[in-house]
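Mature numbering (1 follows the signal peptide of the UniProt record, and there is no 0) puts the sequence shown at residues -19 to -1, 1 to 604. For glycine and all other residues, C-beta sits at the position ideal for the given N, C-alpha and C.
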Amino acid sequence: MKKTILTLCALVMCVGSFAQKVTQNASYQFFVDLTTVKNDKLEVSLIAPKINKDEITYNLPKIVPGTYANYDFGRYITDFKAFDAAGKALKVEKLDKNSYKIAKAKSLYKITYLVDDTWDSPEISGEYVFEPAGTDIEKDTLFAVNTHGFFGYFDNLKNVTYNVNFSKPKGFYGATSMIASKSDASSDLFSAGNYNDLVDAPIMYSKPDTTVLKVGGADILISVYSPNKKATSAEIAANVKTLLEAQKEYLGGTLPIKKYAFLIILSDNLKNGSYGALEHSYSSFYYLPEASAEELSQTVKDVCAHEFFHIVTPLSIHAEEIGNFDFNKPKMSKHLWMYEGMTEYAAGHMQIMYDLIPLGQYLNMLRNKINNMYDRYDEKVPFTEMSADVLEKYKDQYPNVYEKGALIGLCLDIKLRQLSKGAYGTQNLMRDLSKYYGKEKSFKDPELFDKITEITKFPELRQFFTKYVEGNQPLPLEEIFQSVGIEFQKEAKVREKSIGVSVYSLGLNQESKAIYILDDEGIDAFGKKLGLKAGDEFVSLNDKALDLANFRNTRMDFMQNAKENEAINIVVMRKEGDKKVEVKLSAPLFIPEITEKNLLKPVASPSEAQVTLLKAWLSPASK
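Spelled out as structure tokens, the structure:
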């Protein structure tokens, strides 16, 4: 998104009364006092830019980039008022959930309204707002300021300067990718060249726990809020530093940014049982279960790797639908295979390429994506069609961008390496597309596949896109894996260690935040021996917690270290009548034979061609 260096005027920090005037000019001048929280709400004041129309409409966004859902942030706005310079109220008409029409707009001086947060406001009808895209107001504790939840724009006035003034509690720090134009112990002033840039820069206010890393010529800020101090920014920075160095090499040795911010909020009360992150051009905003840095290690790596790669797309490669984003009447691009799919593919591919994870773990990662693609989503829907209509008709298909989208990236990468005899892959393609387009130039949605074919000089690619991305033919996974010496078995009988139930038969209890067994179908022979039942909520495995924060690590440790015939003790909460009781289950571990789908393993005796292509695919050029 476009960034502009701004010349700032001096601003008066207090606008509590009309006796103290702030001169109107061509910019937006917003004021938020974080020290004055009333009923879990904050007041936003705006000294409006000069308006040259008799009436004007002020909008909060319906949708923001990267979310692919209609959130209607205007739902959280109340007590909207408009005034002239003398303090006289102007007539305001609420047009819809997100828009307010103001009469006599030529005399408009000031707007005020209250903002409720999305994380714990009373239930409001409409789409649940994913926490990393939402807002949080916790007096004297934490303010999650996704700017699109607080600030709006006038019709046809998105491309002017935004000045945002915050009064902050003592000792608080505003972590963001933006650089404060002015900052002291009690206030900050941030500036953005336009509304897109403001929305692209969330802010996290709390007592600071920050670490700055120097990577590839960029300053990488890591800011962490951990309510119970279970993890620190220094620990998480140490965890991701090697990852970021590898990403720098994956991107060609340098980073196309000067500053980047990881804003990480750890929660001891996941409100909707979900967690994750939202990408921005120069930052990413995280909402994760609170746990130690060690327990969060792989989760943080996987999520951070994905979000950080968004500095390539959509920052440097994007369609007109994103470059000129319409916040209230959005038109979706058909290229989610690239924005999310290629980003997800690169996040995993980079980790195996730079020895951050072993081959077995990487193949298991790919296998999980294949299973999810086949089991959960409609393979008959062309990916471009799903992308273009993801807000409505194919809303439930969106998560497939992280499954099939990543597998499209895998197939494209290996196909490119086949055609180029190992010399050219998706890393090279994304760099070349970044050079051709860049931050300031958007592509037209229908032209991208032809442009990729032109840039790579491989006409065979156009047929690939026609068949597998624009069309609905199944991805040629068996052929692709075979070319790099990986055997792909659709189905096989195997003996596999388990905790007694398939991970695909697990759910999350939204009230207790416990992981539970969805149905009897997923319970295997070992689980039946233990006495597991549908509805059981996991508590511990061999005295190690099996809650949301620790489930992945505890299970992984069990899978790696538990021995056959070893005594296994599992504690579950089980509903008996009207109450839940703790039940202890025990049995010696045995490894049952089960039917597994979509198995991946290296072939026993690969050919020279397979070895060569595998090395080109999984090894850095320097190795």
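Check: Neighbour-count burial assignment, ASN550, 16 or more Cβ in a 10 Å radius; Outcome: exposed
Check: Buried versus exposed call for ALA585 [16 or more other C-beta atoms within 10 Å across all chains shown]; Outcome: exposed
Check: Check whether TYR39 and SER158 have beta carbons under 8 Å apart; Outcome: no
Check: Euclidean distance between Cα positions of ILE37 and LYS374; Outcome: 33 Å
Check: C-beta contact flag for TYR206 and LEU247 at 8 Å; Outcome: yes
Check: C-alpha gap between LYS376 and VAL293, whole angstroms; Outcome: 25 Å
Check: Boundaries (first-last residue) of the beta strand (DSSP E) holding LYS282; Outcome: No beta strand (DSSP E) holds LYS282; the alpha helix (DSSP H) holding it covers 278 to 289.
Check: Proximity winner among MET354, TYR268 and SER164, relative to THR116 (alpha-carbon distances); Outcome: TYR268
Check: Nonlocal neighbours in the same chain, by C-beta distance under 7 Å from GLN454, ignoring five residues either side; Outcome: LYS448
Check: Where PRO380 sits in the DSSP three-state scheme; Outcome: helix
Check: Inter-residue spacing [alpha-carbon to alpha-carbon] between GLU557 and ILE498; Outcome: 16 Å
Check: Spatial distance of SER(-3) from ILE92 (CA atoms); Outcome: Model confidence at SER(-3) stands at a pLDDT of 34, short of 50, so the residue's coordinates are unreliable; what they give is reported in the following sentence. Whole-angstrom Cα-Cα distance: 13 Å.
Check: Inter-residue spacing [alpha-carbon to alpha-carbon] between LEU194 and ASP307; Outcome: 35 Å
Check: DSSP bridge partner residues for ASN550 (one or two, in chain order); Outcome: SER567
Check: Three-pair Cβ contact test at 8 Å for the segment 305 to 322 versus the segment 559 to 571; Outcome: no
Check: Selection from PHE290, GLY257 and ALA274 that minimises the alpha carbon distance to THR235; Outcome: PHE290
Check: Residues that ARG476 bridges to, as DSSP identifies them; Outcome: GLU574
Check: Touching by the beta-carbon criterion (3+ pairs, under 8 Å), the segment 258 to 272 and the segment 170 to 187; Outcome: yes
Check: Residue interval of the alpha helix (DSSP H) (run including ASN352); Outcome: 340 to 357
Check: Option nearest PRO587 by Cα separation, candidates GLN463, LEU337 and LYS62; Outcome: GLN463
Check: Collapsed DSSP secondary structure at ILE92 in the structure displayed; Outcome: strand
Check: Close beta carbons around SER80, own chain, < 6 Å, minus the five adjacent residues each side; Outcome: THR38 and ASN40
Check: Start-to-end residues for the beta strand (DSSP E) that takes in ALA173; Outcome: 168 to 173
Check: Straight-line Cα distance separating LYS120 from LEU15; Outcome: 8 Å
Check: Per-residue burial, LEU527 [other beta carbons within 10 Å of its own, 16 or more giving buried]; Outcome: buried
Check: Assigned exposure category for TYR218 - 16 Cβ within 10 Å defines buried; Outcome: A small correction: the amino acid at residue 218 is Ala; Tyr does not occupy that position in the sequence shown. Classification of ALA218: buried, given that the 10 Å Cβ count is 16 or more.
Check: Neighbourhood of ALA387 by C-beta, 6 Å cutoff - its chain only, sequence neighbours within 5 removed; Outcome: GLY322, GLU325, TYR326 and LYS350
Check: Rounded separation between ALA63 and LYS78 - CA only; Outcome: 17 Å
Check: Local conformation of VAL293 per DSSP, three classes; Outcome: coil
Check: DSSP three-state assignment for ASN534, whether helix, strand or coil; Outcome: helix
Check: Opposing strand residues paired with ARG555 [DSSP bridges]; Outcome: VAL562
Check: First and last residue of the uninterrupted beta strand (DSSP E) at VAL180; Outcome: From DSSP, VAL180 is part of no beta strand (DSSP E) but of the alpha helix (DSSP H) over 176 to 180.
Check: From LYS210, LEU170, VAL126 and ASP35, residue whose alpha carbon lies closest to that of GLU271; Outcome: LYS210
Check: Near the ligand ADP: LYS139 beta-carbon under 7 Å from a heavy atom; Outcome: By its list of ligands, the structure shown contains no ligand whatsoever, and the ligand ADP lies outside what it can speak to.
Check: Collapsed DSSP secondary structure at ASN453 in the structure displayed; Outcome: coil
Check: For SER297 and SER415, believed in contact at Cβ under 8 Å, the rounded distance; Outcome: 4 Å
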